[in-house]
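Inspection log for the structure reproduced underneath, given as C-alpha coordinates.
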Amino acid sequence: MSFTLIRGFYSINHIVDSFLISSNFLGGPSSKTMISMTGGTTTIQPVFSINPSQTSTGLTGSEHYKIERIVALVMLAIIPGSFVFNSVFMNYLLAVSIAIHAHWGMDAVLIDYCPRKALPLANIIRYVLTTIAFVGLCYFNYNDMGLIKALKTLWTMY
(Lines of atoms letter the chains of each structure in order from A and count residues from 1; the text may use other names and numbers.)
(Lines give C-alpha, C1' and ligand atoms only; values in the text may rest on other atoms or scores of the structure.)
Protein backbone atom coordinates (compact mmCIF):
# COMPACT_ATOMS: atom_id res chain seq x y z
CA MET A 1 0.00 0.00 0.00
CA SER A 2 1.41 3.38 -0.95
CA PHE A 3 1.99 6.30 1.38
CA THR A 4 -0.54 8.47 -0.43
CA LEU A 5 -3.34 5.99 0.17
CA ILE A 6 -2.43 5.51 3.83
CA ARG A 7 -2.37 9.24 4.57
CA GLY A 8 -5.53 9.93 2.56
CA PHE A 9 -3.90 11.87 -0.26
CA TYR A 10 -5.21 11.34 -3.76
CA SER A 11 -4.05 12.66 -7.07
CA ILE A 12 -6.03 15.49 -8.61
CA ASN A 13 -7.60 13.05 -11.08
CA HIS A 14 -9.52 11.40 -8.23
CA ILE A 15 -10.81 14.72 -6.87
CA VAL A 16 -11.58 16.78 -9.98
CA ASP A 17 -13.06 15.59 -13.24
CA SER A 18 -10.42 15.45 -15.98
CA PHE A 19 -12.71 17.66 -18.11
CA LEU A 20 -11.86 20.61 -15.84
CA ILE A 21 -8.12 20.06 -16.07
CA SER A 22 -7.26 21.70 -19.34
CA SER A 23 -5.47 24.71 -20.72
CA ASN A 24 -8.81 26.57 -20.89
CA PHE A 25 -9.35 26.11 -17.16
CA LEU A 26 -5.83 27.19 -16.30
CA GLY A 27 -5.57 29.69 -19.15
CA GLY A 28 -3.71 32.32 -17.19
CA PRO A 29 -0.94 34.48 -18.53
CA SER A 30 1.87 32.07 -17.75
CA SER A 31 3.22 29.83 -20.47
CA LYS A 32 2.29 26.65 -18.64
CA THR A 33 -0.63 24.42 -19.61
CA MET A 34 -1.87 21.03 -18.48
CA ILE A 35 -1.03 18.17 -20.81
CA SER A 36 -1.70 14.47 -20.42
CA MET A 37 1.30 12.26 -20.00
CA THR A 38 1.41 8.57 -20.80
CA GLY A 39 -0.18 6.47 -18.11
CA GLY A 40 -3.17 8.77 -17.58
CA THR A 41 -1.58 11.23 -15.17
CA THR A 42 -1.83 14.95 -15.80
CA THR A 43 1.09 17.28 -15.15
CA ILE A 44 1.96 20.89 -15.74
CA GLN A 45 4.47 21.39 -18.53
CA PRO A 46 5.71 24.63 -20.10
CA VAL A 47 4.51 25.32 -23.62
CA PHE A 48 6.21 28.25 -25.34
CA SER A 49 4.81 29.97 -28.38
CA ILE A 50 7.95 32.06 -28.90
CA ASN A 51 11.59 31.40 -28.28
CA PRO A 52 11.73 31.09 -24.46
CA SER A 53 15.34 32.15 -24.24
CA GLN A 54 14.67 35.71 -25.46
CA THR A 55 12.28 38.38 -24.27
CA SER A 56 10.46 40.84 -26.53
CA THR A 57 13.38 43.27 -26.18
CA GLY A 58 15.86 40.81 -27.67
CA LEU A 59 17.56 40.15 -24.35
CA THR A 60 17.72 36.71 -22.84
CA GLY A 61 15.76 36.17 -19.66
CA SER A 62 18.88 36.07 -17.53
CA GLU A 63 20.22 39.31 -19.05
CA HIS A 64 16.92 41.08 -18.41
CA TYR A 65 16.90 39.75 -14.83
CA LYS A 66 20.47 41.01 -14.28
CA ILE A 67 19.53 44.47 -15.57
CA GLU A 68 16.50 44.55 -13.25
CA ARG A 69 18.67 43.63 -10.26
CA ILE A 70 21.30 46.23 -11.20
CA VAL A 71 18.64 48.97 -11.45
CA ALA A 72 17.20 47.92 -8.08
CA LEU A 73 20.66 48.03 -6.47
CA VAL A 74 21.47 51.37 -8.08
CA MET A 75 18.19 52.74 -6.72
CA LEU A 76 19.48 51.94 -3.23
CA ALA A 77 22.20 54.51 -3.90
CA ILE A 78 20.11 56.96 -5.96
CA ILE A 79 17.40 57.54 -3.36
CA PRO A 80 19.59 58.55 -0.39
CA GLY A 81 22.12 60.14 -2.74
CA SER A 82 19.46 62.40 -4.18
CA PHE A 83 18.71 63.77 -0.72
CA VAL A 84 22.38 64.46 -0.09
CA PHE A 85 23.18 65.87 -3.55
CA ASN A 86 20.00 67.75 -4.42
CA SER A 87 20.35 68.74 -8.08
CA VAL A 88 18.36 68.78 -11.30
CA PHE A 89 20.26 65.74 -12.56
CA MET A 90 19.39 63.73 -9.45
CA ASN A 91 15.72 64.74 -9.73
CA TYR A 92 15.52 63.39 -13.28
CA LEU A 93 17.59 60.32 -12.45
CA LEU A 94 15.16 59.56 -9.63
CA ALA A 95 12.20 60.07 -11.98
CA VAL A 96 13.65 57.69 -14.58
CA SER A 97 14.54 55.01 -12.05
CA ILE A 98 11.10 55.15 -10.39
CA ALA A 99 9.33 54.88 -13.74
CA ILE A 100 11.47 51.96 -14.95
CA HIS A 101 11.20 50.12 -11.64
CA ALA A 102 7.42 50.51 -11.54
CA HIS A 103 7.11 49.45 -15.19
CA TRP A 104 9.05 46.22 -14.66
CA GLY A 105 7.22 45.51 -11.41
CA MET A 106 3.86 45.89 -13.11
CA ASP A 107 5.05 43.54 -15.86
CA ALA A 108 5.66 40.83 -13.28
CA VAL A 109 2.24 41.40 -11.71
CA LEU A 110 0.49 41.21 -15.09
CA ILE A 111 2.29 38.03 -16.10
CA ASP A 112 1.31 36.37 -12.83
CA TYR A 113 -2.31 37.53 -12.50
CA CYS A 114 -3.72 38.79 -15.79
CA PRO A 115 -5.66 36.33 -17.99
CA ARG A 116 -3.86 35.43 -21.19
CA LYS A 117 -6.54 36.94 -23.44
CA ALA A 118 -6.41 40.30 -21.63
CA LEU A 119 -2.61 40.51 -21.56
CA PRO A 120 -2.17 42.54 -24.80
CA LEU A 121 -4.62 45.21 -23.61
CA ALA A 122 -3.07 45.18 -20.13
CA ASN A 123 0.39 45.71 -21.64
CA ILE A 124 -0.87 48.68 -23.66
CA ILE A 125 -2.38 50.15 -20.50
CA ARG A 126 0.89 49.49 -18.63
CA TYR A 127 2.91 51.38 -21.26
CA VAL A 128 0.43 54.28 -21.24
CA LEU A 129 0.50 54.51 -17.44
CA THR A 130 4.30 54.35 -17.36
CA THR A 131 4.51 57.12 -19.96
CA ILE A 132 2.02 59.29 -18.07
CA ALA A 133 3.87 58.72 -14.79
CA PHE A 134 7.26 59.55 -16.31
CA VAL A 135 5.98 62.66 -18.10
CA GLY A 136 4.23 63.75 -14.89
CA LEU A 137 7.40 63.32 -12.83
CA CYS A 138 9.43 65.23 -15.42
CA TYR A 139 6.76 67.98 -15.55
CA PHE A 140 6.88 68.24 -11.76
CA ASN A 141 10.68 68.45 -11.84
CA TYR A 142 10.70 71.12 -14.56
CA ASN A 143 7.75 73.33 -13.54
CA ASP A 144 7.64 72.91 -9.79
CA MET A 145 10.06 72.34 -6.93
CA GLY A 146 11.22 68.85 -7.96
CA LEU A 147 10.77 65.43 -6.41
CA ILE A 148 13.48 65.68 -3.78
CA LYS A 149 12.46 69.07 -2.44
CA ALA A 150 8.82 67.98 -2.42
CA LEU A 151 9.66 64.88 -0.36
CA LYS A 152 11.77 66.96 2.03
CA THR A 153 8.87 69.39 2.41
CA LEU A 154 6.44 66.55 3.12
CA TRP A 155 8.73 65.13 5.79
CA THR A 156 9.10 68.49 7.54
CA MET A 157 5.33 68.66 7.94
CA TYR A 158 5.38 65.84 10.51
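Using our numbering, read the sequence shown as starting at 5 and increasing by one per residue. All C-beta atoms in this analysis are idealised placements derived from N, C-alpha and C, irrespective of residue type, glycine included.
Linking Thr135 to Ala126 through their CA atoms gives a straight-line distance of about 14 Å.
Shortest Cα-Cα distance from Ile71 to any of Ile104, Met110 and Gly85 involves Ile104.
In this structure, the alpha-carbon of Ala81 lies about 24 Å from that of Asp148. Nearest to Phe144 by alpha-carbon distance, out of Glu67, Tyr96 and Arg73, is Tyr96. Counting along the chain, the unbroken alpha helix (DSSP H) around Lys156 starts and ends at Leu151 to Thr160.
When the alpha-carbon of Leu98 is set against those of Thr157, Leu151 and Pro119, the nearest one is in Leu151. Here Met161 is exposed, its C-beta having fewer than 16 other C-beta atoms within 10 Å. It is roughly 30 Å from the alpha-carbon of Ala76 to the alpha-carbon of Lys121. Distances from the alpha-carbon of Ala137 to those of Leu155, Trp108 and Ile102 put Ile102 closest.
A direct Cα-to-Cα measurement between Ala106 and Arg130 gives close to 10 Å. Annotation for Ala137: the continuous alpha helix (DSSP H) segment containing it runs Leu123 to Asn147. Taken atom to atom, the span from the alpha-carbon of Tyr146 to that of Ile74 is near 27 Å.
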